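A short worksheet on the structure shown next.
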Amino acid sequence: MSIISTDIEQAVRLLTDAQLVAIPTETVYGLAGNIYSEKAIHRIFSTKKRPFFNPLIVHIPTVKALEKIVTHIPEKAKLLAAAFWPGSLTLVLKKNSTVPDIITAGKDTVAVRIPNHPVTLALLAKLPFPLAAPSANPFGSISPTKAAHVEAYFKNDIQMILDGGSCANGIESTIIGFENETPILYRLGALTLEDIEAVVGKITIKNKEEESPEAPGMLARHYAPKTSTFLVHDVAAEIKKHAGKKIGVLVFKTTLNTPDIVEIILSKNGSMQEAASNLYTAMHALDAQQLDVIIAEKFPEFGLGKSMNDRLQRATFK
Ligand code: TXA
Ligand code: MG
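In our numbering, the protein residues as written are -17 to 300.
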């Protein structure tokens, strides 16, 4: 029997019983558990095979719920929350002592967001506790944007995937932390840098592990298919380097017209939003085809293109 279901009451029962439930969000599916249950949180780390140094994001239903999670909200964090919540923005703020250390990897800050998905907002509203939810994939692999992706990863490990359809944004939330009240971008994501800067002005990016001990988990290799992957400007030229191999290509908007090559076009209209919503589904699909290599086309380096290039870059790192 499939573990995919739309039964919110069943999700409430399982989560209340320290079990995990995969939940839909507008970014990617999350593997959720009660933040106050040590048993549930340990299950998240063991199911994902995630190292304990990598902290989790706490999901709350309302800005009011933030009071129990954090002790201080910088002015610019207030502006960002007002502009983008519910939505694909995660804020890293000083944590309240009641938030368990295992959630934050021992740090004195906690990552928190209000997701913008009606099913998960309805679920959160019924629960007396927030949900910790990392993306619902084994550590390092491609994040899931459909219930079926989660099922393929974890059907033997969890009891329920709450179905909310395909994730509209398709790429993880953008993470913003604060150093002396100044916003710093730790992870590019579904909310563009340009949109954020329109609210709080120019911000610094620190999204590489070496430059950002403040944001553990920003690993050079991540979001990676099992198939060897390349990210290039000129896909046709790269194809020539892999003569004789079974090749899959991921292009932004224009077909290469190459027979014998599996090709996925991410947005025929050239919409970055549409491309982002299709990106991980396309990577899952190509990775399932026993190819020798996947060649992905670089996006223009602005807006969501910048975020997608970040993910593809990490997918290619060996
Ligand atoms: O869109 C998303 O953010 C999805 C959905 C499910 O909400 N979640 C997600 O979680 O992408 P995850 O665990 O795959 O990525 C969380 C990242 C960590 O790798 C870490 O870099 C950062 O959030 N993070 C969490 N807590 C932090 C903290 N206290 N300080 C700095 N970075 C933190
Ligand atoms: Mg993840």
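Where is the CB? At the ideal position from N, CA and C, for every residue including glycine. The structure presented is a predicted model; accordingly, all values stated were derived computationally and were not measured.
heavy atom of the ligand SAH below 7 Å from residue i C-beta
i    : result
S155 : Inclusion of the ligand SAH in the displayed structure is not the case, the ligand content consisting of the ligand TXA and the ligand MG alone.
Pick from the options that is closest to residue i, judged by C-alpha positions
i     : options                   : result
V303  : T211, A180, T263 and T102 : The displayed coordinates of the chain run from -17 to 300. Any statement about residue 303 would go beyond what the structure contains.
Q141  : I221, K31, Q(-8) and A172 : Q(-8)
H41   : Q272, G15, R32 and T298   : G15
P110  : G171, D(-1) and S70       : D(-1)
L213  : F281, N189 and A202       : F281
P68   : K76, I26, N162 and A47    : A47
I158  : A297, A172 and E49        : A172
A59   : L273, F284, V182 and T9   : V182
S28   : Y11, Q1, E8 and T237      : Q1
A93   : G285, A278, I17 and S259  : I17
I221  : I276, L(-4) and P37       : I276
G147  : A257, A4 and S210         : A4
E154  : I84, E57 and L294         : L294
G235  : A134, I243, L167 and A257 : According to the sequence provided, residue 235 is Lys. The question's Gly does not apply to it. Taking only the C-alpha atoms, the option nearest K235 is A257.
D83   : D242, F35 and L286        : F35
L(-3) : V10, R25 and Y11          : R25
P56   : G252, G285 and I166       : I166
G285  : I85, L103, T156 and G88   : T156
Environment of residue i [buried if 16+ CB atoms lie within 10 Å]
i      : result
S79    : exposed
E(-16) : In the sequence on display, residue -16 carries Ser and not Glu. That one is exposed.
T53    : exposed
T91    : buried
A114   : buried
F160   : buried
R169   : buried
H204   : buried
H266   : buried
T174   : buried
R32    : buried
F136   : buried
T86    : buried
Beta-carbon proximity of residue i to residue j, cut-off 8 Å
i      : j    : result
P116   : L13  : yes
P43    : L106 : yes
K30    : I51  : no
L73    : R95  : yes
G230   : Q271 : yes
S(-13) : D145 : yes
P112   : E8   : no
D274   : K208 : no
T211   : T298 : yes
A219   : R296 : no
L232   : E283 : no
N151   : S70  : yes
I306   : K184 : Only positions -17 to 300 of the chain appear in the structure, and residue 306 is not among them; the question remains open.
Quiz item: How do the region 14 to 22 and the region 63 to 73 stand: do at least 3 beta-carbon pairs fall below 8 Å, yes or no?
Solution: no
Quiz item: When a residue counts only if its C-beta is closer than 6 Å to some heavy atom of the ligand MG, which residues count, in chain order?
Solution: P116, S117 and S125
Exercise. Could you say if the region 283 to 297 and the region 239 to 255 meet the contact criterion of at least three C-beta pairs nearer than 8 Å?
Key: yes
Self-check item: Given 8 Å, three or more beta-carbon pairs between the region 166 to 181 and the region 117 to 126
Solution: no
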